[in-house]
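Letter 183 of the sequence shown, counting from 1, is numbered 183 in the UniProt record's numbering, and no numbers are missing.
Everything below concerns the one structure shown next.
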Amino acid sequence: MLKTALVLGATGLVGKILVEQLCLDPRYQTVTCLLRKPLSKDFFNANAAKVQPIVVDFENLKDYQGYFGCDHIYVCLGTTIKKAGSKSAFRKVDFEYVHIAAQLAKAQRAISFVWISAVGANAKSNNFYLRVKGELENAILNMSGLDNAAAVRPSLLLGEREEMRPAEKLASMLSPFLSPLLRGKLSKYKPVQAADVAAQMIRLQVF
Numbered sequence: 001m002l003k004t005a006l007v008l009g010a011t012g013l014v015g016k017i018l019v020e021q022l023c024l025d026p027r028y029q030t031v032t033c034l035l036r037k038p039l040s041k042d043f044f045n046a047n048a049a050k051v052q053p054i055v056v057d058f059e060n061l062k063d064y065q066g067y068f069g070c071d072h073i074y075v076c077l078g079t080t081i082k083k084a085g086s087k088s089a090f091r092k093v094d095f096e097y098v099h100i101a102a103q104l105a106k107a108q109r110a111i112s113f114v115w116i117s118a119v120g121a122n123a124k125s126n127n128f129y130l131r132v133k134g135e136l137e138n139a140i141l142n143m144s145g146l147d148n149a150a151a152v153r154p155s156l157l158l159g160e161r162e163e164m165r166p167a168e169k170l171a172s173m174l175s176p177f178l179s180p181l182l183r184g185k186l187s188k189y190k191p192v193q194a195a196d197v198a199a200q201m202i203r204l205q206v207f
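This is the structure:
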């Protein structure tokens, strides 16, 4: 039986590639995308006939609970403290929105739920970013009744962004030289292509 997918964060670096991969995956019938604003018809490079774009108010995400009745939920939401403007605004996107999405997936009995965390995520970290990511992992993975929840924990993401961040631009330039040096326990810190993260998210879903 063909599956249905729901994607939050479809316009980001990983999210856009993920939607394109889902469109090409013969196991999926539809790919619903919850968006802040409408997209151009040619936003996705792949055949987007499967895509069902829905503009929502993320401040009132619970009002859209019905859309979480899809088989597989993918959450690629994320920002930076600089872009969000404050730590509290960052936490709203990277913790609250994702946590609410997990609660809605549970309520609608989605088969599985996968979201993007970060390498080094730790609820006890002194680093605010990693602490928030770790707190979210604890909150979702310990949520009773949410079966088959999984997080991907990428290092620095590589890929074509509309706005290339300075650190990512530098990493893209240095990656061919640094990656071979990151071996063993350090291999998890290698910069990773966004397409590989998207593919991993699909592999983690339960079919």
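Built from N, CA and C at the ideal position, the CB exists for glycine as well.
Apart from the five residues just before and just after residue i, which ones in its own chain have a Cβ nearer than 6 Å to its Cβ?
i    : result
L61  : I100
K133 : S117, A118, A121
Determine the direct distance from the alpha carbon of residue j to that of residue i, and round the result to whole angstroms.
i    : j    : result
L157 : L24  : 22 Å
L2   : A198 : 19 Å
V98  : A118 : 14 Å
A107 : K41  : 32 Å
N148 : Q205 : 8 Å
T80  : R27  : 33 Å
F68  : V7   : 10 Å
Q65  : L104 : 6 Å
Y74  : T30  : 13 Å
D63  : F113 : 19 Å
T11  : S86  : 22 Å
I116 : C33  : 16 Å
G15  : L136 : 19 Å
D196 : E59  : 30 Å
S88  : A139 : 18 Å
T4   : G78  : 23 Å
F207 : L13  : 25 Å
I111 : N127 : 33 Å
Kindly list the residues whose CB is nearer than 7 Å to the CB of residue i, restricted to its own chain and excluding five residues on each side of it in sequence; keep chain order.
i           : result
F177        : For F177, the predicted structure reports a pLDDT of 49, less than 50, and the residue's modelled location is therefore unreliable. The matter cannot be settled from this model.
G120        : L130
E20         : F44, N45, A46
G145        : K106
L141        : A149
L18         : V7, Y74, C76, A198, M201
residue 208 : Residue 208 cannot be examined here, being either before or after the span of the chain that is shown, 1 to 207.
Quick one: what's got a C-beta closer than 8 Å to residue i's C-beta in the same chain, skipping five residues either side?
i    : result
R131 : N122, A123, K124, S125
A49  : C23
R109 : G69
L35  : A10, T11, P53, I54, V55, V56
In the DSSP assignment, find the unbroken alpha helix (DSSP H) run with residue i in it and report its ends.
i    : result
K3   : K3 -> not in any alpha helix (DSSP H); beta strand (DSSP E) instead, spanning 3–8.
V19  : 13–24
V197 : 194–204
For residue i, write down the residues that DSSP places opposite it in a beta bridge.
i    : result
T30  : T4
L141 : BP columns for L141 are empty, so no partner.
L35  : V55
What are the boundary residues of the beta strand (DSSP E) that includes residue i?
i    : result
A149 : 149–152
P53  : 51–55
3 or more residues per run - each beta strand (DSSP E) lying fully within the stretch 65–133: 72–75, 112–116
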